[in-house]
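Engineer:
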Amino acid sequence: MNKVVSGAEEAIAGITDGMTLMLGGFGLCGLPENCIAALVKSNIKELTCISNNAGVDDFGIGLMLKQRQVKKMIASYVGENAEFERQLLSGELEVELIPQGTLATRCMATGYGMPAIFTPAGIGTEIAIGKEVRNFNGKDYLMEMAFDADFAIVKAWKGDTAGNLIYKSTARNFNPVMAMAGKITIAEVEELVEPGELDPDHIHTPGIYVHRIFKGEDYEKRIEKRTVR
Amino acid sequence: MWNKEQIAERIALEIKDGYYVNLGIGIPTLVANYIPDTMDVVLQSENGLLGMGPFPFAGEEDADTINAGKQTITMLPGSAVFDSAMSFGMIRAKKVNLTILGAMEVSENGDIANWKIPGKMVKGMGGAMDLVASADNIIVAMQHVNKEGESKLLPQCTLPLTGVNCVKKIVTELGVFDVLPEGGFKVVECAPGVTLEDIRKATKGKLVD
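Going down the list, the protein sequences come from chains E and C.
So for the first sequence, my numbering puts the first residue at 188; every next one is plus one.
So for the second sequence, my numbering puts the first residue at -6; every next one is plus one.
(1) Check distances from the C-beta atoms of the stretch 278 to 291 of chain E to those of chain C and list, in chain order, the residues that come in under 9 Å.
(2) Residue 345 of chain E and residue 212 of chain E: beta carbons closer than 8 Å?
(3) Less than 8 Å between the beta carbons of residue 321 of chain E and residue 49 of chain C, yes or no?
(4) Of the residues that make up the stretch 196 to 225 of chain E, which ones have a beta carbon closer than 8 Å to any beta carbon in chain C?
(5) Quick one: what's got a C-beta closer than 6 Å to residue 205 of chain E's C-beta in the same chain, skipping five residues either side?
(6) Please indicate yes or no: does the CB of residue 173 of chain C lie closer than 7 Å to some heavy atom of the ligand ATP?
(7) What does residue 250 of chain E pair with, by DSSP beta-bridge criteria?
(8) Assign residue 27 of chain C to one of three DSSP states: helix, strand, or coil.
(9) How about residue 158 of chain C and residue 104 of chain C: are their beta carbons less than 8 Å apart?
(10) Which complete alpha helix (DSSP H) runs does the stretch 6 to 79 of chain C hold, if anything under 4 residues is left out?
(11) Please confirm whether residue 239 of chain E and residue 338 of chain E have their CB atoms less than 8 Å apart.
(12) Suppose the cutoff is 6 Å on Cβ atoms and the five residues either side in sequence are ignored; what does the same chain contact list for residue 261 of chain E look like?
(13) What is the C-beta distance between residue 118 of chain C and residue 151 of chain C, in whole angstroms, given that I count them as a contact (C-beta under 8 Å)?
(14) Quick one: Cα of residue 142 of chain C to Cα of residue 54 of chain C, how far?
(15) Taking 8 Å as the threshold, find out whether the stretch 74 to 85 of chain C comes into contact with the stretch 107 to 115 of chain C through three or more Cβ pairs.
(16) Start and end of the beta strand (DSSP E) containing residue 294 of chain E?
(17) Any idea which residues DSSP pairs residue 369 of chain E with across the strands?
(18) If you follow the beta strand (DSSP E) that residue 124 of chain C is part of, which residue opens it and which one closes it?
(19) Identify the continuous beta strand (DSSP E) that holds residue 171 of chain C and give its terminal residues.
(20) Give a yes or no on contact between the stretch 18 to 35 of chain C and the stretch 128 to 147 of chain C, applying the rule of three or more CB pairs nearer than 8 Å.
(21) DSSP state of residue 213 of chain E, grouped into three classes?
(22) At least one CB of chain E closer than 8 Å to the CB of residue 77 of chain C: is that the case?
(23) Quick one: using the 10 Å Cβ neighbour count with 16 as the cut-off for buried, is residue 267 of chain E buried or exposed?
(24) Whose C-alpha, out of E:207, E:319, E:359, E:372, is nearest the C-alpha of residue 398 of chain E?
(25) Residue 0 of chain C and residue 164 of chain C look like a contact to me (Cβ under 8 Å); what is the Cβ gap, rounded to whole Å?
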């Protein structure tokens, strides 16, 4: 099962105006940098982006925001992006902020074929408005729906041509759950190898979830908050 | 009066041997510096790490290894990494023993607000809503009053809530306060040089001596 595409441009083929995309990463860590660069180069707009963060002004999804390619952002924390805040406060950008665990678990539900999850996160807050509440064993839970994403775009450390993926360190974050949740999942990797070179016991994302894979040309791996002893 | 480091040092006294602890951004991050070496404590970072160590030495930073505050960090021997769904799974399943986080307001029944100031600041809740909804043991580290000099310990929160009825203890520059199950802030300890009268003046919510 060979899923290799030539590069980011071919990988994002089929993404069109108005689609919903999931983008892996936490802050700038574990971002599908090459696909984001290809999206920025493309003319695709009116996108709904599901990602934990919105990048910073000049990196990550921040680059897509700057070009006004994003109609709606679904995220849990967006604190490091001045352009994002400007578009949000001026009403140019639609934003749905959801708890980080809810975001991850809604992705997981999609990948596991479950329509919804129940979580206590947000009970008694404005997040709960309009949502079904169920009581289990004396505690209230919100019903949160699985996502429906046209494409999921993730970044892994190593992958094989069959789409099996291994992530590195905390660059794992949202990538595995989003990889499971796309109708079409694109994986970009630092190292692309032949089947058999990865130990089956070490695979984090089985290739069945991955439709297109390529070796990213260029990883800046920018550090958002370099902190040393 | 305590400075930020001293607030962190005081909170560290609440940590017990064998605890798994989640530290929020800001003062809570400093708490790690005051956990005694004799204690076996594992720090959880909700971006997907158990066993968070100190910041790296200059030149040894790894862009792939960060904490939930996006700072470069190290991993201690025995660390484990996992995805975001599992990270919040262990939080929801109450495997994490203690959560320490910052706040903009806390009410006398333990409600907390720390993610939004309508019309002014919208950073998002990150993992805070998940943490406060599931953790049994929540300590808030914060300044007693805001920049305008107004009490952050209130009868009721005025800002959009992060969670209800969840904060158990608060440590500020003025002292340590338990949030009583029946409502009210019980003064457990005054910081050095701080009197009950000082605390009373800085607290709008119900104080219990």
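Here a beta-carbon is modelled for each residue, glycine too, at the ideal position from N, C-alpha and C.
This one's a predicted model, so the numbers in the text were calculated from it and none came from an experiment.
Structural biologist: Taking the definition as stated:
(1) For chain C, the residues of the stretch 278 to 291 of chain E that bring a beta carbon within less than 9 Å of one of its beta carbons are 282, 284, 285, 286, 287, 288, 289, 290, 291, in chain order.
(2) As a working mapping, residue 345 of chain E is identified with position 158 in the first sequence. As a working mapping, residue 212 of chain E is identified with position 25 in the first sequence. No, Cβ-Cβ distance for residue 345 of chain E and residue 212 of chain E is not below 8 Å.
(3) In the first sequence, residue 321 of chain E corresponds to position 134, counting from 1. In the second sequence, residue 49 of chain C corresponds to position 56, counting from 1. One thing to note: residue 321 of chain E has its Cβ no nearer than 8 Å to the Cβ of residue 49 of chain C.
(4) Identification of residues in the stretch 196 to 225 of chain E having a C-beta nearer than 8 Å to some C-beta of chain C yields 213, 214, 215, 216, 217, given in sequence order.
(5) Residue numbering aside, residue 205 of chain E sits at position 18 when the first sequence is read from its first letter. Excluding residues within five positions, the ones whose Cβ falls inside 6 Å are 233.
(6) With respect to the ligand ATP, the structure offers nothing, as it holds no ligand at all.
(7) The residue labelled residue 250 of chain E in the question sits at position 63 within the first sequence. Per DSSP, none; premise fails for residue 250 of chain E.
(8) Indexing the second sequence from 1 puts residue 27 of chain C at position 34. Of the three classes helix, strand and coil, the one that applies to residue 27 of chain C here is helix, per DSSP.
(9) Position 165 of the second sequence, counted from the first residue, corresponds to residue 158 of chain C. Position 111 of the second sequence, counted from the first residue, corresponds to residue 104 of chain C. Yes.
(10) List check, alpha helix (DSSP H) in window: 20 to 24.
(11) Your numbering for residue 239 of chain E matches position 52 in the first sequence. Your numbering for residue 338 of chain E matches position 151 in the first sequence. Cβ distance not < 8 Å, so residue 239 of chain E and residue 338 of chain E don't count as in contact.
(12) Locating residue 261 of chain E in the first sequence gives position 74, counting from the first residue. Taken in chain order, the residues that qualify are 237, 283.
(13) For the purposes of this step, residue 118 of chain C is taken as residue 125 along the second sequence, with counting starting at 1. For the purposes of this step, residue 151 of chain C is taken as residue 158 along the second sequence, with counting starting at 1. No, residue 118 of chain C and residue 151 of chain C are not in contact; Cβ-Cβ is about 17 Å, not under 8 Å.
(14) Mapped onto the second sequence, residue 142 of chain C falls at position 149. Mapped onto the second sequence, residue 54 of chain C falls at position 61. Cα to Cα, the separation comes out at about 39 Å.
(15) Contact fails: fewer than three Cβ-Cβ distances are below 8 Å.
(16) As a first step, residue 294 of chain E must be located in the first sequence, where it is residue number 107. Looking at the DSSP string, residue 294 of chain E is not in any beta strand (DSSP E); the run it does join, the alpha helix (DSSP H), is 287 to 298.
(17) Along the first sequence, one-based indexing puts residue 369 of chain E at 182. In the DSSP assignment, the residues bridged to residue 369 of chain E are E:336.
(18) Walking along the second sequence from the start, residue 124 of chain C turns up at place 131. First-last for residue 124 of chain C: 121 to 127, but that is the alpha helix (DSSP H), not the beta strand (DSSP E).
(19) For the purposes of this step, residue 171 of chain C is taken as the residue at position 178 of the second sequence. 168 to 172 is the span of the beta strand (DSSP E), which, as asked, contains residue 171 of chain C.
(20) Result yes; three or more Cβ-Cβ pairs closer than 8 Å.
(21) For this step, residue 213 of chain E is matched to residue 26 along the first sequence. Of the three classes helix, strand and coil, the one that applies to residue 213 of chain E here is strand, per DSSP.
(22) If you number the second sequence from 1, residue 77 of chain C lands on position 84. Residue-level contact by beta carbon holds for residue 77 of chain C and chain E, with a gap shorter than 8 Å.
(23) As a first step, residue 267 of chain E must be located in the first sequence, where it is residue number 80. Per the 10 Å Cβ criterion, buried.
(24) To locate residue 398 of chain E, count along the first sequence from 1; it is residue 211. Nearest in C-alpha terms to residue 398 of chain E, of all of E:207, E:319, E:359, E:372, is E:372.
(25) By 1-based counting over the second sequence, the position of residue 0 of chain C is 7. By 1-based counting over the second sequence, the position of residue 164 of chain C is 171. Approximately 5 Å separates the beta-carbon atoms of residue 0 of chain C and residue 164 of chain C; this is inside 8 Å, confirming the contact.
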